[in-house]
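Just below is one structure, and these are the notes that go with it.
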Amino acid sequence: MAIRVQAEPFDLGAEADTFAAAQADAGAIVTFTGVVRDLPGGGLDRMEIEHYPGMTERALGRIAADAMARWDLSDTLIIHRHGAMRAGDLIMMVATAARHRKDAFEAAEFLMDYLKSRAPFWKKEHGAAGGDWVAARDEDEDALERW
Amino acid sequence: MAIRVQAEPFDLGAEADTFAAAQADAGAIVTFTGVVRDLPGGGLDRMEIEHYPGMTERALGRIAADAMARWDLSDTLIIHRHGAMRAGDLIMMVATAARHRKDAFEAAEFLMDYLKSRAPFWKKEHGAAGGDWVAARDEDEDALERW
Amino acid sequence: MIDVLYFAWVRERIGLPRERVETRAGTVAGLVEELRAREDRYAAAFADLSALRVAVDQELADFDAPLDGVHEVAFFPPMTGG
Amino acid sequence: MIDVLYFAWVRERIGLPRERVETRAGTVAGLVEELRAREDRYAAAFADLSALRVAVDQELADFDAPLDGVHEVAFFPPMTGG
Chain A
6 MAIRVQAEPF DLGAEADTFA AAQADAGAIV TFTGVVRDLP GGGLDRMEIE
56 HYPGMTERAL GRIAADAMAR WDLSDTLIIH RHGAMRAGDL IMMVATAARH
106 RKDAFEAAEF LMDYLKSRAP FWKKEHGAAG GDWVAARDED EDALERW
Chain B
6 MAIRVQAEPF DLGAEADTFA AAQADAGAIV TFTGVVRDLP GGGLDRMEIE
56 HYPGMTERAL GRIAADAMAR WDLSDTLIIH RHGAMRAGDL IMMVATAARH
106 RKDAFEAAEF LMDYLKSRAP FWKKEHGAAG GDWVAARDED EDALERW
Chain C
288 MIDVLYFAWV RERIGLPRER VETRAGTVAG LVEELRARED RYAAAFADLS
338 ALRVAVDQEL ADFDAPLDGV HEVAFFPPMT GG
Chain D
288 MIDVLYFAWV RERIGLPRER VETRAGTVAG LVEELRARED RYAAAFADLS
338 ALRVAVDQEL ADFDAPLDGV HEVAFFPPMT GG
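Chains as they are written, first to last, in our numbering: chain A, 6 to 152; chain B, 6 to 152; chain C, 288 to 369; chain D, 288 to 369.
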């Protein structure tokens with residue numbers, strides 16, 4: 006179980022390979038990767054992600070531990086960046102490894118749902134018209150209800 | 006939308022990177038990777054996967070097209086190996102890209118559920134006691150009912 | 288003449304991966320009856336149809352599927368890919 | 288003395304990321320009342336509590352959470368990570 010909160014870019018392929026190679030008895034590996042999308046019609050200059058150092062690591066650690074307790078997982082990984090990014094950059098990833106695919110899928114969705122609404126990150130999109138804080142979506146909050 | 010059926014190993018990291026880099030407006034990328042598990046207690050000499058050339062590609066192509074029609078996806082990838090593999094080897098992977106994570110997750114699970122029970126692959130495990138064809142699991146057939 | 292293909296343990300029991308079959312059967316089920324009557328190894332392979340799946344011209348089908356104009360029929364156990 | 292932290296647009300409206308606050312409030316809601324009374328920028332930031340979330344000692348909490356023994360309180364909008 007690894008948690009990394011960092012300003013630096015990460016390498017999806019290398020992370021996926023390292024994660025997969027470390028699994029001894031897992032038959033199923035799921036990864037989710039979040040990518041910076043451009044503004045509708047284009048023009049995103051940059052996205053800035055602010056976070057709450059200290060609380061961020063605690064929140065992600067608890068979410069990962071909850072997933073490990075709830076599903077039959079052999080491992081989890083969470084990487085989340087902060088700072089400035091451009092369209093197409095990778096924001097974050099999670100990975101789960103399990104004996105069976107149902108556990109790996111459900112745990113990855115659980116990690117994402119909680120990470121979206123319970124980990125202290127805030128996105129601001131900077132375009133030609135200035136900066137806008139991204140509003141939380143009701144459906145992200147609603148997504149927690151299924152767990 | 007790419008479908009590859011091959012005897013050769015594939016490189017998860019390189020495939021994930023290439024797939025992610027090709028997505029222009031996707032905010033969410035999900036990958037699933039299937040790994041050869043050892044026998045309970047160890048001792049798997051090799052797993053052999055037989056398939057039905059011709060029908061395999063048709064079946065996978067239809068499953069991928071169904072997923073593209075059903076969810077708001079920008080792309081899908083399916084790679085499935087056949088032939089002899091050892092414990093820890095990667096059997097197959099799927100990848101999905103979508104604007105939103107819900108579509109990417111659901112489509113990846115749909116691809117896996119159909120691929121498990123509707124694409125013509127058969128696994129045989131060879132251990133010390135000889136070879137055994139892997140039996141289909143009722144829960145894999147049941148998994149189709151949710152779609 | 289129809290190409291009949293066998294996969295996995297069906298192939299092993301019958302002892303060959305494919306063969307050309309001259310048939311008068313109108314459906315897959317009729318073809319199965321003809322094959323069963325040939326030899327014990329066929330009878331053994333087709334003993335329990337609920338354990339078998341069939342594809343007609345590379346599409347999954349039912350045992351009552353007609354054989355009219357069909358080029359290829361395949362028999363195999365439930366799939367276990369992924 | 289409590290460390291009070293602000294994030295995202297709460298930080299921007301108030302104009303600073305954190306400050307040390309001397310408070311007599313017994314709960315987070317009481318602290319909010321004290322801050323609102325300070326200046327317009329605080330009143331503006333705390334105008335609509337339903338748009339805000341609070342963490343007490345780095346754990347999500349409610350506005351009626353007690354401040355007894357608390358070191359750090361943070362105010363911010365709903366999270367938007369991932």
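C-beta atoms are modelled at their ideal positions from N, C-alpha and C, and glycine is treated no differently. These figures come from a predicted structure and were not determined experimentally.
Next on the checklist: Pop quiz: P125 of chain B and A64 of chain B are said to be a contact at Cβ under 8 Å. What is the actual Cβ separation, rounded to whole angstroms?
Outcome noted: Your pair P125 of chain B and A64 of chain B checks out as a contact, with CB atoms roughly 6 Å apart and the cut at 8 Å.
Checklist entry - For F333 of chain D and chain A, any beta-carbon pair shorter than 9 Å? => result Not closer than 9 Å to any Cβ of chain A, the Cβ of F333 of chain D fails to qualify, so no.
Item to check | Check whether I54 of chain B and M98 of chain B have beta carbons under 9 Å apart | outcome: Contact flag unset, no.
Item to check | Span of the alpha helix (DSSP H), counted from its first residue to its last, around V297 of chain D | outcome: Unbroken alpha helix (DSSP H) run through V297 of chain D: A295 to I301.
Item to check | Three-state secondary structure assigned by DSSP to E309 of chain C | outcome: Residue state, collapsed to three classes: coil.
Checklist entry - Would the region 346-359 of chain D and the region 323-335 of chain D be scored as touching if the rule is three or more Cβ pairs under 8 Å? => result The region 346-359 of chain D, when compared against the region 323-335 of chain D, does not touch it at the 8 Å Cβ threshold.
Next on the checklist: Let me check understanding here. Comparing Cα to Cα, which of D:V291, D:F294, D:D349 and D:P304 lies closest to A316 of chain D?
Outcome noted: Out of D:V291, D:F294, D:D349 and D:P304, D:D349 has the C-alpha closest to the C-alpha of A316 of chain D.
Item to check | Pick from B:A19, B:Q11 and B:G93 that is closest to D50 of chain B, judged by C-alpha positions | outcome: Minimum Cα distance to D50 of chain B is reached at B:G93.
Item to check | Identity of the residue in A:L82, A:M60 and A:M52 nearest A19 of chain A by Cα | outcome: Minimum Cα distance to A19 of chain A is reached at A:L82.
Item to check | S337 of chain D, buried or exposed, once every other Cβ within 10 Å from all chains shown has been counted against 16 | outcome: By the beta-carbon neighbour count (other beta carbons within 10 angstroms, threshold 16), S337 of chain D is exposed.
Checklist entry - What residues from chain D crowd round R63 of chain A, counting only those whose CB sits closer than 8 Å? => result Those are Q345 and E346, listed as they occur along chain D.
Checklist entry - Looking at the C-beta of E20 of chain A, does it have a partner C-beta in chain B at a distance below 9 Å? => result Chain B, which has a Cβ nearer than 9 Å to the Cβ of E20 of chain A, makes this yes.
Checklist entry - For A89 of chain A, which three-state DSSP category applies? => result Strand at A89 of chain A.
Next on the checklist: Is V361 of chain C close to chain B? Criterion is C-beta to C-beta, closer than 9 Å.
Outcome noted: Note on identity: in this sequence residue 361 of chain C is Ala, with Val being the wrong assignment. At least one beta carbon of chain B lies nearer than 9 Å to the beta carbon of A361 of chain C.
Checklist entry - Can you name, in chain order, every residue of its own chain whose Cβ lies under 6 Å from the Cβ of R9 of chain A, other than the five neighbours on each side? => result The residues I84, in chain order, have a CB closer than 6 Å to that of R9 of chain A in the same chain once the five nearest residues on each side in sequence are set aside.
Checklist entry - Is the beta carbon of R104 of chain B sitting closer than 9 Å to the one on A12 of chain B? => result Not a contact, by the Cβ cut-off of 9 Å.
Item to check | Per-residue burial, P304 of chain D [other beta carbons within 10 Å of its own, 16 or more giving buried] | outcome: Sixteen is the threshold: since fewer than 16 other Cβ atoms of the shown chains lie within 10 Å of the Cβ of P304 of chain D, the residue is exposed.
Item to check | Exposure of R311 of chain C, with buried meaning 16 or more beta-carbon neighbours within 10 Å | outcome: Answer is exposed; the Cβ neighbour count stays below 16.
Checklist entry - Hey, is M90 of chain A's beta-carbon within less than 9 Å of any beta-carbon in chain D? => result Judged by the 9 Å Cβ criterion, M90 of chain A is not in contact with chain D.
Item to check | Euclidean distance between Cα positions of L116 of chain A and A70 of chain A | outcome: So the alpha carbons of these two residues sit roughly 10 Å apart.
Checklist entry - Measuring CA to CA, which of B:W127, B:L149 and B:E144 is closest to R298 of chain C? => result Answer by Cα proximity: B:W127.
Checklist entry - Per DSSP, what kind of secondary structure is D80 of chain B in: helix, strand or coil? => result The answer is strand: DSSP assigns D80 of chain B an E or B state.
Next on the checklist: Would you say G313 of chain D lies against chain A (beta-carbon separation less than 9 Å)?
Outcome noted: With 9 Å as the cut-off, G313 of chain D does not count as an interface residue toward chain A.
Checklist entry - Alpha carbon to alpha carbon, how far is L292 of chain D from G39 of chain B? => result Each residue's Cα considered, the two are about 45 Å apart.
Checklist entry - CB-CB under 7 Å to G132 of chain B, same chain, minus the five flanking residues each way: which ones, in chain order? => result Correct list, in chain order: L44, G48, L49 and D50.
Next on the checklist: Please state whether the Cβ-Cβ distance between E111 of chain A and W138 of chain A is less than 9 Å.
Outcome noted: It is not a contact, given that the beta carbons lie outside the stated cut-off.
Checklist entry - Can you list, in chain order, the residues of the region 73-87 of chain A whose Cβ is nearer than 8 Å to any Cβ on chain D? => result Answer in chain order: H85.
Checklist entry - What's the gap between the Cα of E344 of chain D and the Cα of L149 of chain A? => result The sequence shown places Asp at residue 344 of chain D, not Glu. Straight through space, the alpha carbons of L149 of chain A and D344 of chain D are spaced by roughly 23 Å.
Item to check | Rounded separation between A31 of chain B and I68 of chain B - CA only | outcome: Those two C-alpha atoms are separated by around 21 Å.
Checklist entry - E55 of chain B by DSSP, collapsed to three states: which one? => result Secondary structure at E55 of chain B: strand, using DSSP grouped into helix, strand and coil.
Checklist entry - For L120 of chain A, which residues in chain D fall below 7 Å Cβ to Cβ? => result Per Cβ cutoff of 7 Å: G368 and G369.
Item to check | Three-state secondary structure assigned by DSSP to M98 of chain A | outcome: The answer is strand: DSSP assigns M98 of chain A an E or B state.
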